[in-house]
Structures are given as structure tokens and as C-alpha cells.
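In the working numbering, the protein residues as written are 388 to 936. The beta carbon of each residue, even a glycine, is placed where N, CA and C say it ideally should be. Keep in mind it's a predicted model, so treat the numbers as computed, not measured.
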């Protein structure tokens, strides 16, 4: 595990000994007087100067949150206040959210970071108050009348540091918004504050390095087209070794019916690569006419965690490639924030995509009317439709070696309302599926604790604290049903949940949904299979291997 991660016993001791609002023994002080401290394990490394320069962002320099002097530019307070005024005018929802909170506390215990840390400033109402108090101070009469009980504050270096601390302890998961009677979306406030912090060079390298890479080469890792193809072809070889079936993806092929785009983590990262193998087997199984772009080689969009303008720019590449290749529509892989951007922003940000057609499944004839505007279909709804129409030959016993539960990815579940399609698929491709507690799934799902670009190695302590509510829900089904497999449809989840499980629930592995689809598919011309896509033995198939020998 990470050098930045304390032992579980140390976290338990800290929780037992440290005063906490959760335990009702916090010191009697005002919220703005509560201390915070940057130390190893609770902050992400700042962006490297060369990354900032490449993006053309402000104030490139070497600095650290643990230093007193953050080397802010001259006039940084005015830069931030002007930036806030500009955004309040541009995005009316932000002003509405700042003005309408009645401090009812309905959101207070809904944030996984608050539940994992006990820090009152991680209550969504209080996190928003960090910026609301400065916003309120911009009105002198209000400050004179309300100073003292309204928490009106001036923008000082300490306040700026507080913003950086707590708005990077928000994964923009929007769980709090489900419970807010006023409909306040704290994630939108987080997005604005992070955008403001960029204006003075207060940032996060784990976010900006992928943004720079994607801006340069089309994917988060900065992989060039030939290497992108080589990685997929190595997965093609692995599929042939395991199944005896040779799949044949094409790249940058003009005139294909469908452009398939997935997060680059599915091509390069473990366990995402097994999900990619599942996609390739599925497409071969149904004879799909598709192509993969080596230029729009990233479905994910870390611009979403940086600024609206950068999000728009990075997302545009998908439409540009679809138009260049002359496809009919776009099929997208498993990813959380990719689909939040597509579902909620894409059609107005980069559309209308009049050069594309309303998506229709070439296999079932189903019209995906929900994708009429974006022209982009989620792989889970595409596969669920195939299964519903009996177009897939599946053997769910091939997943009998797994006892599964399902993690709803925040941006797909709350952001898209996609609850049933992945469960429908999971129940068709495996025989053992157990739901977690009702208040931890679907629209109330807990976050992985590392979304929105804070899944950095150096942030491991906070990741384990923020992910604890999800881990605790998994622990319950592990103890009750002997669950050993956590299935999800998000690339970031597949990257961040494995260390969370190793820490809190040893023995639970993380899978992509379409990895299990790939295991269950009965392919034409396949050899007898005794191993899954990870080369782990399938339960009940050992005898077949012995008979063949």
C-alpha cells in the first residue's frame, strides 16, 4: 500500500481520540475558527510548472500546500473576486445555490468525506459556507449588520488555503443534492471554486497532467496513436489465447456505422483492460460494424474538474472524430464523469451534432430516443437491449466463481438515472448477485471516495477515509453473503476501488460489468474455456479441462 497511508488501527485511534461533530464532543467554537492542517496524505501534489505552461494556465511555479508562502500572484484577491463575479453572472444557478441555502442541515451527514473524517467543514452546507461567507462579504451593508452570526469573511490567504483543502475533499458526487429540500447542487459550487483556484495557480497535478496529455494527444496518459493500437492488439492476442477466437477491431476507419469511445484506462489500466476485452468479444459476437479512433482515444474528461471551457474543448474531440470518420452515431464505454459530461452538457456545449443520426441498434432495431440530442449511447443500455431481444448467447455459470455486488457510479446513477440496465445485465451474466443496503445504492449511492481527480497516490489517507462509507456497505454484504466481487461501470471506480477494498475488505476484487459479459459470452468457434478473462479458474469447469487432457 501507499507510503502515505496509515494503518487501520491508527485511523481508528484518531477517530476515537479526536473531537468530532459525529460524536457530539467537538470543541465549542465557531465554524470559521476550526483549525485545519496540510500534511502528508491529505493533499494532492500541485501541478508541475511545465504542465501549467503547456496549458497556458496562470502562475506556473513550484510550491507546496505545506509551505506558508504559496507564491500567489500580485492582486490575487481581486483576480478571485472578479472571477467570482464573472461566474455568478454567467452561471445563474451558482448565485441561486449561494442565496437559497437555509442551513437546515438535511445534507450534513450525507457526504462520505464528512462520515469518513468527522470534520464539520466537510458537511456540504459548511463546505459551501466557505465560499458563501466570502460572497456575502462583498456587500458592505450586509457585512456591517450580520458580521458575527452570519460568518461574513474577507478573502485572506488562510481562507484561500481552506478552499483548497475542502473543495478537494469533495468528489462532486452530488449525494447531498438528493437530500437538499432546496435543490442545491453543491457539486456545482465545487466546480466553480476549483475553476477560481486555477486563476491564481492553486491546482492539482493529478488533474492537470491528464488534461495536458488529453489536450496534446487525445487521451489522459499522453499515448500516441501507434502505441494506442499496440495496446489494443495485445488484448486481441490475449483474447485469442484464452478463447481461440480472433477479434478484429479497426482503427480510424471511415464509413463505419458506429464510433466506439471508452476511457483510456480500459486500454492501459488494470483491471480496466479486462473490461475492454469484454467489449471486443461482445462486438465480435454480434458482428458490429464499428471503429475505434486513435485521436479521440479518451472518453473521460478531466477538464470537467478544471474549468467549463476546458471541459468543452476536450469533449469536442468526440464529435470532431465522428464527423471526420462519417459514422452514424457514437457508442460509449463504462465511465462515470465521461457520462455526466455527455448526458448533462454535451448537446449544448458541443452540439447540435446534425451530421449524426438518431442512434438505432443495427442488431435489434431499437431506437435510443434518450440519445436523440447527443447521438451517443451508453454501452450498458446497448447491451441490455441486446440481451432483452435474445441476441446474445450467454452462459452465466462461467461467472459462478464470483459472488457479486454492484456499486452504482455516482455520475452514471445520480447523473444519468441509470439504475436498472446494469443490474439487468449482471443478473443475466452471473448467478450470484447481492444488493448492498438500500440507502447506499441507486440515487443514494456512496462515492468511491476518489472521484473528480483526487485519486492520487499521495492522497491515499483521505481516499481511505472518504471511501469508508462505501467500503462499509460492501463489508455488510461480504459478511452476509460472502461477496468477493464488486462490479461497477466507471473507469475511475475500477482504478480507485481496488486499494479501498484491499484496505477495508481484503479478498474483495473489483470488476467492470462488461468483463463479466465477456466471461459469459459463448463465442462461435471458441475452444473449451476453463479460465475467465483474468485467467482465474472458472468454478465447475475443471473437469472439462481434465477430460480434454
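Please list the terminal residues of the continuous alpha helix (DSSP H) segment that includes residue 769. Secondary structure note for residue 769: its alpha helix (DSSP H) is the uninterrupted segment 766 to 775.
Just curious, the alpha helix (DSSP H) that residue 615 is in, first and last residue? Per DSSP, residue 615 belongs to the alpha helix (DSSP H) from 612 to 630.
Would you kindly check if the distance between the Cβ of residue 840 and the Cβ of residue 851 is under 9 Å? Cβ distance not < 9 Å, so residue 851 and residue 840 don't count as in contact.
Close beta carbons around residue 916, own chain, < 8 Å, minus the five adjacent residues each side: Excluding residues within five positions, the ones whose Cβ falls inside 8 Å are 629, 630, 785, 925, 928.
Near residue 914, which residues of its chain fall below 6 Å by C-beta distance, leaving aside the five closest residues on each side in sequence? The answer, listed in chain order, is 631.
Rounded distance between the beta-carbons of residue 750 and residue 773, thought under 8 Å: Right, the Cβ-Cβ distance comes to about 6 Å (below 8 Å), so this counts as a contact.
Do you know offhand how far residue 518's Cα is from residue 826's? A direct Cα-to-Cα measurement between residue 518 and residue 826 gives close to 29 Å.
Under a three-way DSSP split, which group does residue 504 fall into? If DSSP states are grouped into helix, strand and coil, residue 504 belongs with the helices.
Is the beta carbon of residue 655 closer than 9 Å to that of residue 618? Taking 9 Å as the Cβ cut-off, residue 618 and residue 655 qualify as a contacting pair.
Out of 699, 675, 735, state which residue places its alpha-carbon closest to the alpha-carbon of residue 715. Among 699, 675, 735, the Cα nearest to that of residue 715 is on 675.
Can you pull the DSSP bridge partners for residue 583? Residue 583 is not bridged to any residue.
Exposed unless 16 or more other CB atoms sit within 10 angstroms - verdict on residue 635: Classification for residue 635: exposed.
Tell me whether the beta-carbon of residue 490 lies closer than 9 Å to the beta-carbon of residue 512. In this structure, residue 512 lies closer than 9 Å to residue 490 by Cβ.
Cα-Cα separation between residue 799 and residue 440, rounded to whole angstroms: The alpha-carbon atoms of residue 799 and residue 440 are separated by roughly 33 Å.
So if DSSP puts residue 677 in a beta bridge, which residue, or which two residues, is it bridged to? Per the DSSP secondary-structure output, residue 677 pairs in a beta bridge with 645.
Taking just the CA atoms, how far does residue 894 sit from residue 588? In this structure, the CA atom of residue 588 is about 41 Å from the CA atom of residue 894.
Evaluate residue 603 with the Cβ neighbour count: other Cβ atoms within 10 Å of its Cβ, from every protein chain shown; 16 or more gives buried, anything less gives exposed. Classification of residue 603: exposed, given that the 10 Å Cβ count is below 16.
Close beta carbons around residue 728, own chain, < 7 Å, minus the five adjacent residues each side: Closer than 7 Å at Cβ, skipping near neighbours: 688, 691, 698, 702.
Going by DSSP, which residues form a beta bridge with residue 899? Answer by DSSP bridge pairing, in chain order: 875.
Residue 536 to residue 419 span [Cα, whole Å]: Legend: pLDDT at residue 536 = 47, less than 50; position of this residue unreliable, value from coordinates given subsequently. Distance between the alpha carbons of residue 536 and residue 419 is about 11 Å.
Going residue by residue through the stretch 720 to 771, where are the continuous beta strand (DSSP E) segments of at least 3 residues, counting only ones entirely within it? For the stretch 720 to 771, the full-length beta strand (DSSP E) segments reaching 3 residues or more read 763 to 765 along the chain.
Helix, strand or coil for residue 781? Go by DSSP, reduced to three states. Strand, per DSSP.
Hey, out of 576, 506, 455, 447, whose CA is closest to residue 487's CA? Closest option to residue 487, Cα to Cα, is 576.
Quick one: Cα of residue 668 to Cα of residue 886, how far? Between the C-alpha atoms of residue 668 and residue 886 there is a straight-line separation of about 28 Å.
My output table needs one value for residue 813: the three-state DSSP class, helix, strand or coil. Residue 813: helix per DSSP, three-state reduction.
Which partner residues does residue 793 have in the DSSP bridge list? Answer by DSSP bridge pairing, in chain order: 874.
If we call anything under 9 Å between Cβ atoms a contact, is residue 791 one with residue 873? Going by C-beta atoms, residue 791 is nearer than 9 Å to residue 873.
So, is residue 804 buried or exposed, given that buried needs 16 or more other C-beta atoms within 10 angstroms? With fewer than 16 other Cβ atoms within 10 Å, it is exposed.
Which residues bound the alpha helix (DSSP H) around residue 484? First-last of the alpha helix (DSSP H) with residue 484: 479 to 487.
Should the stretch 495 to 515 be called in touch with the stretch 842 to 857, which here means at least 3 C-beta pairs below 8 Å? Yes, since at least three Cβ pairs between the stretch 495 to 515 and the stretch 842 to 857 fall closer than 8 Å, the two stretches touch.
I want to know whether the stretch 611 to 627 touches the stretch 856 to 863 - three or more CB-CB distances under 8 Å. No: the two stretches stay apart, fewer than three of their Cβ pairs being nearer than 8 Å.
Find the nearest neighbour of residue 710 within the set 469, 682, 443, 466, judged by alpha-carbon distance. From the listed residues 469, 682, 443, 466, the smallest Cα separation to residue 710 is found for 682.
So, do the stretch 545 to 563 and the stretch 447 to 459 have three or more beta carbon pairs nearer to each other than 8 Å? Yes, the stretch 545 to 563 is in contact with the stretch 447 to 459.
Below 6 Å CB to CB, which residues in the same chain sit around residue 510 once its five sequence neighbours on both sides are set aside? Excluding five sequence positions before and after residue 510, the CB atoms of its chain that fall closer than 6 Å to its own CB belong to 495, 501, given in chain order.
Keeping to the same chain, check which residues put their C-beta closer than 6 Å to that of residue 755; ignore five residues upstream and five downstream. Within the same chain, residue 755 has close Cβ partners 746, 764.
Suppose you measure from the CA of residue 563 to the CA of residue 481; what does that come to, to the nearest Å? The C-alpha of residue 563 lies about 16 Å from the C-alpha of residue 481.
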